[in-house]
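Trainee: Structure below; questions to follow.
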Amino acid sequence: ARKELPKHFRHNRNVWVFIELERGQVHPVSFELLGEGRKLADKLGVQLAGVVVGPAECAGTQCATAEAFAYGADLAYLVESPLLSHYRNEPFTKALTDLVILHKPEILLLGATSLGRDLAGSVATTLETGLTADCTELNVDADGSLAATRPTFGGSLLCTIYTLNSRPQMATVRPRVMATPQRVADTAGPIIRHGLIMVEEEVVTKVLGFLSDRRSEKVNLAHADIVVAGGLGIGIAENLERLKVLAKTIGGEFGCSRPLVQKGWMEVDRQIGQTGQTIRPKLYLAAGISGAVQHRVGVDGADLIVAINTDSNAPIFDFAHVAVVADAIGLLPALTTAFTRRLAL
Amino acid sequence: MHIVVCIKQVPDSAQIRVHPITNTIMRQGVPTIINPYDLFALEEALRLRDRYGGEVTVLTMGPPMAKQALEKALSYGADHAVLLSDRHFAGSDTLATSFAISRAIMKMGRRRTPEIVFAGKQTIDGDTAQVGPGIAKRLELQQLTYVTKIVSIDLHTRKIAVERRSEGGIQMLNSRLPCLITVLDGVNVIRRGSVADALHGARSEIPTWRATDVGIEELANCGLRGSPTVVKRVFAPTPRAEKAIQIEAIEQESGQVADDVVASILEHQSAAEASLCLNGQPID
Ligand SMILES: Cc1cc2nc3c(=O)[nH]c(=O)nc-3n(C[C@H](O)[C@H](O)[C@H](O)COP(=O)(O)OP(=O)(O)OC[C@H]3O[C@@H](n4cnc5c(N)ncnc54)[C@H](O)[C@@H]3O)c2cc1C
Ligand SMILES: Cc1cc2nc3c(=O)[nH]c(=O)nc-3n(C[C@H](O)[C@H](O)[C@H](O)COP(=O)(O)OP(=O)(O)OC[C@H]3O[C@@H](n4cnc5c(N)ncnc54)[C@H](O)[C@@H]3O)c2cc1C
């Protein structure tokens with residue numbers, strides 16, 4: 250039986266997307282969410298708003314607001330305060346909850362990044378509303394409620410979750426799960442500005458410094474168009490070289506299943522799957538990977554999955570588009586040669 | 003120092019099976035384990051206790067059988083354990099879960115206020131990573147998530163410095179006790195408890211606290227009633243509609259197979275060709 254939505258929530262309107270700023274740059278997941286938020290807002294016949302929080306005199310904050318419009322927002326909310334220059338839970342939670350209480354959105358979406366998860370959990374608890382984690386699909390029901398679908402039990406099952414009797418309906422979505430919408434230049438809209446009612450002395454936690462992953466410049470799995478990955482079927486660490494040569498030849502990144510990270514054969518940021526990276530390449534080539542559900546959830550968004558496995562019953566063949574029953578160790582160098590020839594590289 | 007570690011008993015996900023017709027989870031016979039991510043939190047707590055003195059209390063909310071998880075945690079070296087169990091808690095989402103757990107921690111605080119509450123990064127079943135932040139908010143603790151390293155603690159000034167994983171790097175934070183810490187995976191390895199710990203685990207009388215024991219009068223905040231989210235439908239992912247293209251290599255020479263694979267890729271994903279040509283570089 251559906252519980253009635255209390256009266257004071259019935260006027261909640263509009264879909265909001267929290268725009269995540271990562272040291273002055275908008276996190277790509279925010280664009281993906283704007284694309285998804287646009288569809289929801291259109292179905293509901295309401296407006297889509299981008300929510301930006303950050304210091305006032307900051308190029309990043311201003312740029313994020315402009316980008317929100319370029320990726321589909323009708324309006325933007327901007328909370329400006331010097332306290333918001335680095336991510337800290339307390340001032341960010343205050344900024345977002347105050348804004349929600351004031352303007353009453355019906356849906357609030359955040360990226361399921363380390364920042365988004367940290368923030369969404371405190372905001373939802375403060376507002377005592379429902380929060381659905383790591384959604385892979387968002388939709389609007391006939392009665393206008395948000396149907397949020399997410400994988401559970403490591404991806405072996407999906408479930409659809411509703412937030413019945415409170416608002417806003419909150420959800421986080423993992424990066425790269427939704428497609429990035431087309432950017433439209435020269436768009437603009439109203440910007441509603443607020444300050445933050447908080448002073449630095451009230452914030453207990455201080456940021457001492459930030460150690461950037463220099464390596465992350467190099468490993469760009471999540472955004473690669475072509476990914477070549479290996480699993481235990483590769484046999485020995487030396488065979489990884491064949492994988493890397495193929496990846497390099499065809500201009501892709503290389504990655505792996507979890508056991509290879511556990512063996513120390515590859516760095517943890519190259520692991521693909523539930524507890525690693527979610528990828529969305531045009532081409533995913535998996536060599537010697539069985540296709541466990543925890544791996545599958547990380548690659549389901551790939552346009553074309555090519556799997557090489559000696560076992561014709563390997564689970565990966567249940568979701569691969571091209572199933573190659575072959576010994577990967579021999580086939581990898583042959584593929585490098587074949588690509589080189591065919592593409593006249 | 004008093005440290006509370008929140009642990010959850012979960013089905014061993016490697017052994018979960020889905021009923022082929024009803025699409026429901028078949029839990030019968032599936033062994034349960036302590037959520038693997040919680041063991042990193044427990045080990046971190048035990049190390050702090052060994053270094054600064056004090057005690058570690060493990061807490062779980064769950065059905066009576068969740069006692070097994072607590073016994074296991076005691077056998078690793080935790081000092082005390084509490085089971086929070088009541089039929090009113092059944093069907094809790096993360097909001098209701100953090101409500102009940104925070105009340106139990108408040109009750110513990112009447113004996114000895116915890117300086118640190120630990121939680122795992124996330125669980126392997128519900129997998130939301132929301133319970134930790136929920137507890138922090140409700141108890142007004144400093145919230146330190148995805149912590150990779152506890153750099154220093156000063157019990158006199160009540161200061162704590164940690165490093166946490168954030169997007170694109172490591173954030174170094176100065177904060178204050180009491181705090182809630184969620185621990186990133188892989189930061190340590192759970193110890194083998196001593197023989198004395200094993201006996202402690204086997205022989206302890208673990209108290210069970212019900213809703214009224216932790217002072218919960220407002221049952222509307224508990225269980226299904228206190229949960230704004232409702233799971234409407236659980237289903238298995240649909241298998242791909244069209245059949246995969248099969249390339250068998252058994253009797254063939256690998257050069258021929260490779261040509262077939264490349265042809266197939268270019269035919270079915272012409273969008274990839276541009277990336278291949280653009281970024282590809284010959285190896286000599
Ligand atoms: C909580 C949890 C989280 C997890 N997260 C992840 C995750 O993020 N990512 C992840 O990948 N895994 C994850 N796992 C592990 C996952 O369950 C699997 O164990 C793992 O993906 C298997 O890796 P694999 O396919 O490389 O190895 P295996 O399952 O051992 O498969 C090896 C495959 O290689 C094939 N093979 C053997 N020889 C050859 C050959 N010469 N040529 C071609 N094929 C060959 C075999 O037929 C087999 O199919 C997680 C598990 C748990 C419990
Ligand atoms: C299929 C399915 C999907 C779900 N999706 C959602 C959802 O999207 N949103 C939502 O609000 N709820 C959801 N739930 C409910 C959620 O699983 C429960 O609220 C659960 O009690 C805690 O959430 P979690 O497993 O995600 O824990 P997490 O938040 O991932 O756990 C983080 C840490 O909190 C501690 N912890 C968690 N649970 C307990 C406990 N019972 N006792 C002690 N410590 C604990 C542990 O230290 C753990 O490592 C879902 C449940 C199911 C079965």
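Protein sequences appear in the order of chains A and B.
According to this note's numbering, the first sequence is numbered sequentially starting from 250.
According to this note's numbering, the second sequence is numbered sequentially starting from 3.
Note that beta-carbon positions come from the ideal geometry of N, C-alpha and C, so glycine has one too.
1) Identify which residue in A:Glu339, A:His257, A:Glu329 and A:Val295 has its Cα closest to the Cα of A:Val453.
2) Do the CB positions of B:Leu85 and B:Thr210 come within less than 8 Å of each other?
3) Do we get a CB-CB distance below 8 Å when we pair A:Ser415 with the residues of chain B?
4) CB B:Gly170 to CB B:Gly79, shorter than 8 Å?
5) What residue does the beta strand (DSSP E) around B:Pro116 start on, and which one ends it?
6) Spell out a yes or no on whether the region 267–283 of chain A and the region 311–324 of chain A are touching, meaning 3 or more CB-CB pairs, one atom from each, closer than 8 Å.
7) Using a Cβ-Cβ cut-off of less than 7 Å, give me the residues of the region 490–521 of chain A that come near chain B, in sequence order.
8) To which residues of the same chain is B:Gly93 closer than 6 Å at the C-beta, ignoring the five residues directly before and after it?
9) Taking 7 Å as the cut-off, does the CB of A:Thr524 come closer than this to any heavy atom belonging to ligand 1?
10) Counting only C-beta atoms, is B:Lys10 closer than 8 Å to chain A at any point?
11) Below 8 Å on the Cβ atoms is my guess for A:Val597 versus B:Glu250; work out the distance and round it to an integer in Å.
12) Just to make sure I have the definition right: I need the residues of chain B whose C-beta is within less than 7 Å of the C-beta of A:Ser279. Which are they?
13) Please tell me whether B:Met63 and B:Ile103 are closer than 8 Å, where the distance is taken between their beta carbons.
14) Output, in sequence order along the chain, the residues in the region 219–237 of chain B whose CB is closer than 8 Å to any CB in chain A.
15) Just to make sure I have the definition right: I need the residues of chain A whose C-beta is within less than 8 Å of the C-beta of B:Glu174. Which are they?
16) Which residues, in order along the region 122–139 of chain B, keep a beta-carbon less than 9 Å from a beta-carbon of chain A?
17) Give the DSSP bridge partners of B:Met63, in chain order.
18) Kindly provide the ranges of any alpha helix (DSSP H) runs that are 4 or more residues long and lie completely inside the region 387–426 of chain A, ordered along the chain.
19) Determine the chain B residues that contact A:Lys531 at a beta-carbon separation under 8 Å, and present them in chain order.
20) DSSP state of A:Ala250, grouped into three classes?
21) Count the CB pairs spanning the region 279–298 of chain A and the region 332–350 of chain A that are closer than 8 Å, and state whether there are at least three.
22) By Cβ distance below 6 Å, which residues in the same chain neighbour A:Gly504 in space, the five residues on each side in sequence not counted?
23) Using three-state DSSP, classify A:Ser465 as helix, strand or coil.
24) Can the beta-carbon of A:Val571 be found closer than 8 Å to that of B:Ile152?
25) For B:Gln173, which option in A:Val448, A:Leu460, A:Asp390 and A:Ser561 has the closest C-alpha, if you only look at C-alpha atoms?
26) Note down the Cα distance separating A:Gly399 from B:Gly128, rounded to an integer number of angstroms.
27) Can you look up B:Ile5 in the DSSP assignment and give me helix, strand or coil?
Mentor: Once the coordinates are examined:
1) Numbered from its first residue, the first sequence carries residue 453 of chain A at position 204. It is A:Glu339 whose Cα lies nearest to the Cα of A:Val453.
2) By one-based count along the second sequence, residue 85 of chain B stands at place 83. By one-based count along the second sequence, residue 210 of chain B stands at place 208. Contact: yes.
3) Counting from one through the first sequence, the residue named residue 415 of chain A turns up at place 166. At least one chain B Cβ lies under 8 Å of A:Ser415.
4) Here residue 170 of chain B corresponds to residue number 168 of the second sequence, with the count starting at 1. Here residue 79 of chain B corresponds to residue number 77 of the second sequence, with the count starting at 1. Going by C-beta atoms, B:Gly170 is not nearer than 8 Å to B:Gly79.
5) Along the second sequence, read from residue 1 onward, the residue named residue 116 of chain B stands at position 114. Looking at the DSSP string, B:Pro116 is not in any beta strand (DSSP E), and its letter there is neither H nor E.
6) yes
7) Val494, Lys497, Thr498, Ile499 and Gly500
8) Counting from 1 along the second sequence, the entry for residue 93 of chain B is found at position 91. Closer than 6 Å at the Cβ level, and outside the excluded window around B:Gly93, lie Gly225 and Leu226.
9) Mapped onto the first sequence, residue 524 of chain A falls at position 275. It does: the Cβ of A:Thr524 is within 7 Å (strictly closer) of some heavy atom of ligand 1.
10) Residue mapping note: residue 10 of chain B aligns to position 8 of the second sequence, counting from 1. Chain A contact via Cβ: absent.
11) Residue 597 of chain A lies beyond the residue range present for chain A, which begins at 250 and ends at 594; the question has no answer from this structure.
12) As a first step, residue 279 of chain A is located in the first sequence; it is residue number 30 there, counting from the start. Under the 7 Å cutoff, chain B gives no residues; its nearest Cβ is about 12 Å from A:Ser279.
13) Indexing the second sequence from 1 puts residue 63 of chain B at position 61. Indexing the second sequence from 1 puts residue 103 of chain B at position 101. For B:Met63 and B:Ile103, yes; Cβs fall inside 8 Å.
14) Ser229, Pro230, Thr231, Val232, Val233, Lys234, Arg235, Val236 and Phe237
15) By one-based count along the second sequence, residue 174 of chain B stands at place 172. Note on identity: in this sequence residue 174 of chain B is Met, with Glu being the wrong assignment. Going along chain A in sequence order, the residues near B:Met174 (Cβ under 8 Å) are Val456, Leu457, Gly458, Phe459 and Leu460.
16) Gln124, Ile126, Asp127, Gly128, Asp129, Thr130, Ala131, Gln132, Val133, Gly134, Pro135, Gly136, Ile137, Ala138 and Lys139
17) For this step, residue 63 of chain B is matched to residue 61 along the second sequence. DSSP output for B:Met63 lists B:Leu86 as bridge partner(s).
18) none
19) Mapped onto the first sequence, residue 531 of chain A falls at position 282. Chain B residues near A:Lys531: Gln271, Ala273, Ala274 and Ser277.
20) The residue you call residue 250 of chain A lines up with position 1 of the first sequence. Per-residue confidence for A:Ala250 stands at a pLDDT of 37, beneath the threshold of 50, marking its modelled position as unreliable; no derived number is given.
21) no
22) For the purposes of this step, residue 504 of chain A is taken as residue 255 along the first sequence, with counting starting at 1. Answer for A:Gly504: Leu470, Val476, Ala478, Arg519 and Ile521, listed in chain order.
23) For this step, residue 465 of chain A is matched to residue 216 along the first sequence. Summary for A:Ser465: the model assigns pLDDT 47, below 50, so the residue's position carries little reliability; its value from the coordinates is reported in the next sentence. If DSSP states are grouped into helix, strand and coil, A:Ser465 belongs with the helices.
24) Within the first sequence, residue 571 of chain A is the residue found at index 322, counting from 1. Within the second sequence, residue 152 of chain B is the residue found at index 150, counting from 1. The answer is no: Cβ separation not under 8 Å.
25) Translated into the one-based positions of the second sequence, residue 173 of chain B becomes position 171. When only C-alpha atoms are compared, the closest one is A:Leu460.
26) Sequence index remark: in the first sequence, residue 399 of chain A carries index 150 (1-based). Sequence index remark: in the second sequence, residue 128 of chain B carries index 126 (1-based). According to the sequence displayed, residue 399 of chain A carries Arg and not Gly. The alpha-carbon atoms of A:Arg399 and B:Gly128 are separated by roughly 10 Å.
27) Locating residue 5 of chain B in the second sequence gives position 3, counting from the first residue. B:Ile5 falls in the strand class under three-state DSSP.
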